[in-house]
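Protein chains in written order, with the numbering used here: chain A, 1 to 363; chain B, 364 to 702; chain C, 703 to 1278. In what follows, a structure is listed as structure tokens, so that the remarks can point back to it.
Written out as structure tokens, the structure is:
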């Protein structure tokens, strides 16, 4: 277990900076995800952590000791870390047992001890029956579990995962997400997890670092990232969202135009008159055809929209609506329970709690 | 009366030459119609192509297709084609007299008496009229004077057995060359197989053709050739290459290279015309002047820097014996020399 | 991906739709394929087996006894085995080192290195042997002369007319096969496999030993087998460098059996073990490479990073350059010199300079002129026929248009197991006598070349069609084009570069073929390689050099044109 500090970390490829003065503090035993679209620098950051790349600027410390900087580079084999790859990277010429035992053999542990540890780990990932098989005979999910076992059995200080689930199908991915979180809670190894899939990040992480163009744009617990995105980019990257544009009137009110005013969560240091964006999640909007309910909601302080159902898409577990607000010439996306069925052309009221209307920065 | 006889004789002579002229013209015409003559020969490439060009210059319109290979290979090809009923070759010429005994025996040769050969001595003619000696050469010793000086150079056949020549000698192979086949038979008859057994101890470089040693000696790769076609050594020397030829006084194998016309020659007239040409005094003189060869034609003169045949002790070899012992000679040579 | 059986059903339905009620359209193709296999392979092979088993006393093993008890013949077999073994070892060492350096490290000038390795591949081994004869003959060889004058020594530095010399030259022209196989495998190994070991605690050397080496091991063994078999079947190099030293190999001995009087029965008996050994080794190789399918294990997204050689970078390059000068620069240089000199061993002064060799070869000596014409005729004929056949067969097997299409591809590739000279023995025995006499014509050579070279064309067209998804055709047909139209508008244009590559592989293979031609030629059907061999026995060095340069120039011209036309790198993608 170890704490990791990244300070001013920079890596350039040619002129472009893939990682740009990145700062991050990871606590001992913490699970942090680096989340972002491809090209944002998350994999480069991970490889810098592993020691496969040397930074051009800044430094990486593990428990206060500098392991990477522009002048220092402790090679990967001496960092006491483990890594899991998108391509699984299980060695096809070794059995499952030999794969998992490899790191322990390098540590020159006695054979009996190795066998014990390997068998225990295989039981943990539920592969004990396949110990003598070759990777070529295993499915993708099984291969990835071999990789997990191999990485964990050496009891590393730090565990690095590089999009480990991208090659698995949807059901397997879901299962493995929980598995990874479960193993983390069992072993409490400091973990850095790179992914572009926000569901993965949400399920597994203590904290998520959303990355964009080589920098961290928001760092926080999953709920915070989801409920209180700080920028438009984060809001749109994490989950579906509506972005409404308007002018800030005072601390809590935004004029959307044509008379509609939106009550929003307090925005601390923004000046009135400024143009702002409001993030409103489709799940947070409640639809009702009843004018009384709408009135009752408004009386309680909710934001109320007058609209017409434009389109309904049925997903089985939800209904996805586009509601047109003719007065503002805006479209609102709303996700409603499957029992709330409204047809296109129907007049409808939409209610939104101001606590769910969040001001977000430009980018 | 004498005058009358003389006139009649002259007239007869005139008639015969003019009729022979007429005959000639007819043959040339027929040859031209055929358009080409296919020649399988073991005469060295520069010499055979030169000869072909002389012919083609003289008789425009008749192409000579030269297929040159070692004597043993020529025979092999002739036999293979005959076995497959392939009628390709017109004129056959190698340096292994034994071949022609064999071919005659198998009925693969045509009988033809070229006028030009009428003056040839007995050793250059098959009495039954199937083949004639087109050229003659010797198998001789040669060395590179830049590497070996005259004092140390071998003078006799036995001299080359000296272990001081180990790694410095080259030999051609009777499995390829008719000249060397003749050479081996001649030396076996003189000194027995022990000669070659002893020679093999000197670890010779083996080449195939009797013409190849000239290049090997001249380049210095192996400065001493223990056998080889004398005419080719001579030619190479005249071109300015460092070669000196030794004609051992105890005797030199004489190789007469016969020529014959194939029985099923596809271009018989061209074949006959070509044969007349190569046996004619004109051509035989060219062979002597330009190609370093000896010939059977009594009127041919030779370059001054070549020994006359009559000044050398010659070891001729019987054609029948060559044919009979062909396989044995090849096998035992290969036994001693490896390949 | 459609199920194999449905395509057959489709095709049959189509044929029925065209009015062929009870006609199975797969039948003519099977008949043609069967005829092909019978005439090109089974007849010659059958001829060999029967001829080897008959002596004057009728059916007996007498020939085998004679061949395997005679010490001279046994020595030839032993020589072949020793030579091929060492050639295999050296070819693997050199080929894999170069393959690894080019694909996995930051070696400088990689494109040039690949091009030069390809030049080594294209050089006919007998031409390389000939050039090395000029370079390293113990007394006149240029390298030895230089050594003697530089160091004042009496002896030679190297003698190429030895078994070691023969092994050296044959390895120089066998290693490109191994290079290609190793390079292909190395490209497929993702760096993740090495990184995973790295982070678990393995340093550079441990990784190479426990990860990289085992992963490439099957390819190394496969490469050894290929190099071994290749050198086993070579004729020219052993004839040029071995015979002058009295060294016979299996191939030169078979050739010797054809000298007059020919012993076809012994030649056949000698060929049979060679054939069996080849079949056995190729089966072994397939088994090795098929197991554990290394390239297909793992998910997508593996990286390929290059290993930094650091201070070893330039020494490694110098080593590579040295190897390539042995196979390319030195031999090509001496060929050029010999072509332009009157006396090849003398320095190339103004006095020694001549263009006479060129005029002799192209204008004066009819043998060479005819041979050049024959070679090009045969090359173009074989390449065109071979490509058409290979395309048709690859299309059929790939689209599984016939029942049991897999077996068809096995038959097409089968000739690869027959060494060239053995094939020639069979063809000679089968077609020199009635009822079918092909001997003496250009057609027996055509048959030999087609049989021998078509597998290479087929493997090229097969892999080409693998990359063209059948759904591309289906998309065209669903819009309204019929199968032929879809072929013309979609498949053929897409396959174009692969077909051109196939054509040129076959063409180049034909023009440099010697081990079969040397047995099957007659004076009217000589080809350039045979003429080179003839001229060598005559010591006509200049003419040989000219012909050799002609062969190389044509080969390179073709390759460059193909790369320009088809826009692809040779050695990129599947080969060999």
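Note that beta-carbon positions come from the ideal geometry of N, C-alpha and C, so glycine has one too.
The beta carbon of residue 1067 of chain C sits closer than 8 Å to some beta carbon of chain B. C:807 is the residue among C:807, C:1055, C:1224 whose C-alpha sits nearest the C-alpha of residue 1013 of chain C. At the C-beta level, residue 1248 of chain C and residue 1052 of chain C stay beyond 8 Å of one another. The beta carbons of residue 1126 of chain C and residue 1038 of chain C sit no closer together than 8 Å. About 16 Å separates the beta carbons of residue 76 of chain A and residue 11 of chain A, which is beyond the 8 Å limit, so they are not a contact pair.
Put simply, the segment 1021 to 1036 of chain C does not touch the segment 950 to 969 of chain C. Fewer than three CB pairs are less than 8 Å apart.
For the pair residue 222 of chain A and residue 208 of chain A, the CB atoms are nearer than the 8 Å cut-off.
Under a criterion of Cβ atoms nearer than 7 Å, the residues of chain B adjacent to residue 839 of chain C are, in order, 584. If you ignore the 5 residues before and after residue 28 of chain A, its C-beta comes within less than 7 Å of the C-beta of 1, 2, 3, 190, all in its own chain and listed in chain order. Residue state for residue 2 of chain A is assigned as coil, using DSSP reduced to three classes. At a Cβ-Cβ threshold of 8 Å, residue 789 of chain C and residue 873 of chain C count as neighbours. Shortest Cα-Cα distance from residue 133 of chain A to any of A:255, A:6, A:93 involves A:93. Chain-order list of chain C residues neighbouring residue 154 of chain A: 902, 903, by C-beta distance under 8 Å. Per DSSP, the continuous beta strand (DSSP E) segment holding residue 26 of chain A begins and ends at 16 to 26. Within the segment 190 to 266 of chain A, the complete alpha helix (DSSP H) segments of 4 residues or longer fall at 198 to 204, 222 to 227, 232 to 237, listed in chain order.
Excluding sequence positions up to five before and after residue 648 of chain B, its CB lies within less than 6 Å of the CB of 663, all in the same chain and listed in chain order. Residue 517 of chain B sits in coil when the DSSP states are folded into three classes, being neither helix nor strand.
Here residue 40 of chain A carries a coil assignment [DSSP, helix/strand/coil]. Proximity of residue 990 of chain C to chain A, defined by a Cβ-Cβ separation below 8 Å, is not satisfied. The three-state reading of DSSP puts residue 414 of chain B in helix, counting H, G and I together.
For residue 538 of chain B, the chain C residues whose C-beta falls within less than 9 Å of its own C-beta are 958, 961, listed in chain order.
Listed by position along chain C, the residues whose Cβ is nearer than 7 Å to that of residue 103 of chain A are 902, 903. Using a Cβ-Cβ cut-off of 8 Å, residue 289 of chain A does not count as an interface residue toward chain C, since no Cβ of chain C sits closer than that to its own.
DSSP places residue 452 of chain B in the coil class of the three-state scheme, outside both helix and strand. Proximity to residue 1177 of chain C across C:1211, C:1189, C:750 peaks at C:1189, based on C-alpha coordinates. For residue 497 of chain B, the enclosing beta strand (DSSP E) starts and ends at 494 to 501.
In the three-state DSSP reduction, residue 396 of chain B falls in the helix class (H, G or I). When DSSP states are grouped into helix, strand and coil, residue 818 of chain C belongs to the helix group.
Within the segment 861 to 875 of chain C, contact with chain B at the beta-carbon level (separation under 9 Å) is assigned to 863. The DSSP-derived three-state label of residue 858 of chain C is coil.
Distance check between residue 338 of chain A and each of A:312, A:218, A:331 places A:312 closest, using alpha-carbon atoms only. With a contact defined as Cβ atoms closer than 8 Å, residue 847 of chain C and residue 838 of chain C miss out at about 10 Å.
For residue 60 of chain A, the uninterrupted beta strand (DSSP E) segment begins and ends at 57 to 62. Residue pairing by DSSP places residue 83 of chain A opposite A:160 in a beta bridge. For residue 958 of chain C, there are no CB contacts under 6 Å within the same chain when 5 residues up- and downstream are skipped.
Per the C-alpha coordinates, the member of B:442, B:494, B:451, B:457 positioned closest to residue 411 of chain B is B:457.
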